[in-house]
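Structure first, commentary second.
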Amino acid sequence: MRIPEDARAVRLHPLPASTTLYRVHDANYAGNAFNPCQGKPSRFAPLLDGHGQCIPTSYAATTLDGAPFESVFRGIQDKYESVRREDVDKFAISSLKTATALELVPLFTPELLRWRIDPSKFFRPSAKAYVHCRTLAFRAWRDNPGAHGLVWSSVRDSQADAMLLFGDRLNPSDLSLTSSRPVRTESTALGDLETAGQRAGLAIVR
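Residue numbers for the sequence shown follow the UniProt record's numbering, beginning at 1 and rising by one.
Below is the structure:
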């Protein structure tokens, strides 16, 4: 897969102030915190600048269901595959409200096609594809200095947009934390994950 050298967007995607976002994240971190390049590699993280220095990031989604499909259920390919309860106990579900308007680099189908990137290959859940994703994320960050992050249609839940926010261009205070529910101790949080999974026939095994 060839990633363009120049990843300037024709038009940034606006996200108005007071937009509600949802996150399913490590419960050891605050819901509006940015990950300092720790943990397992994911589609767009760790994100490093041209000198190999960490750019902290945060994943979010525009719907409550979209957030677990970008985290808990992200790598599941077989509808008969299940998720273990002990594996979801480490998560928390947080809702945020943007304190200011954001501008995001769109990675929707038209933008990818303009860059001659096949969306089905780009968003394929594989380590090889993730290398290309992180390359594009870096170039999009570099070439769009006014952007606060990336946005794309959730691969697993087309009703939601997913996004990666840049922690070097945003502060936690730009994302007001309105609620945070640890899955281990809040039954409603586990219930929301189970309900989302049921839409795709995915189960959390207790």
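Backbone N, C-alpha and C fix where the C-beta goes; we use that ideal spot for every residue, glycine too.
Would DSSP call residue i helix, strand or coil?
i    : result
E103 : strand
H51  : coil
H148 : coil
Y130 : helix
T98  : strand
A17  : coil
A33  : coil
A137 : helix
Considering residue i, what are the terminal residues of the beta strand (DSSP E) in which it resides?
i    : result
L164 : D161 to F166
Y22  : T20 to D26
T178 : L175 to P182
T57  : T57 to A61
V205 : A203 to V205
How many Å lie between residue i and residue j at the Cα?
i    : j    : result
D174 : T188 : 27 Å
R114 : L107 : 10 Å
T195 : L150 : 27 Å
T142 : R206 : The sequence given here has Arg at residue 142, not Thr. Using only the alpha carbons, I get a separation of about 44 Å.
Y130 : R124 : 8 Å
D89  : R11  : 39 Å
A67  : R23  : 5 Å
A127 : A45  : 12 Å
N28  : L202 : 25 Å
Q53  : P36  : 10 Å
S82  : A33  : 29 Å
L193 : S94  : 12 Å
List the whole-angstrom C-beta distance separating residue i from residue j, where the pair is believed to meet the contact cut-off of C-beta under 8 Å.
i    : j    : result
A147 : V105 : 5 Å
C133 : R43  : 5 Å
L136 : L15  : Contact flag wrong, Cβ pair sits at about 20 Å.
L96  : S176 : 6 Å
Is there a C-beta anywhere in chain C that falls below 8 Å from the one on residue i?
i   : result
S94 : Of the protein chains in this structure there is only one, and it is not chain C.
Which two residues bound the contiguous alpha helix (DSSP H) that contains residue i?
i    : result
V83  : From DSSP, V83 is part of no alpha helix (DSSP H) but of the beta strand (DSSP E) over S82 to R84.
A196 : S187 to R199
A67  : G66 to F69
A110 : In the sequence as displayed, the identity of residue 110 is Pro instead of Ala. Here the alpha helix (DSSP H) through P110 covers T109 to R114.
F122 : P119 to F122
Could you tell me if the beta carbon of residue i falls within a distance shorter than 7 Å of some heavy atom in the ligand PLP?
i    : result
Y130 : Ligands in the displayed structure: none, and consequently the ligand PLP is not present.
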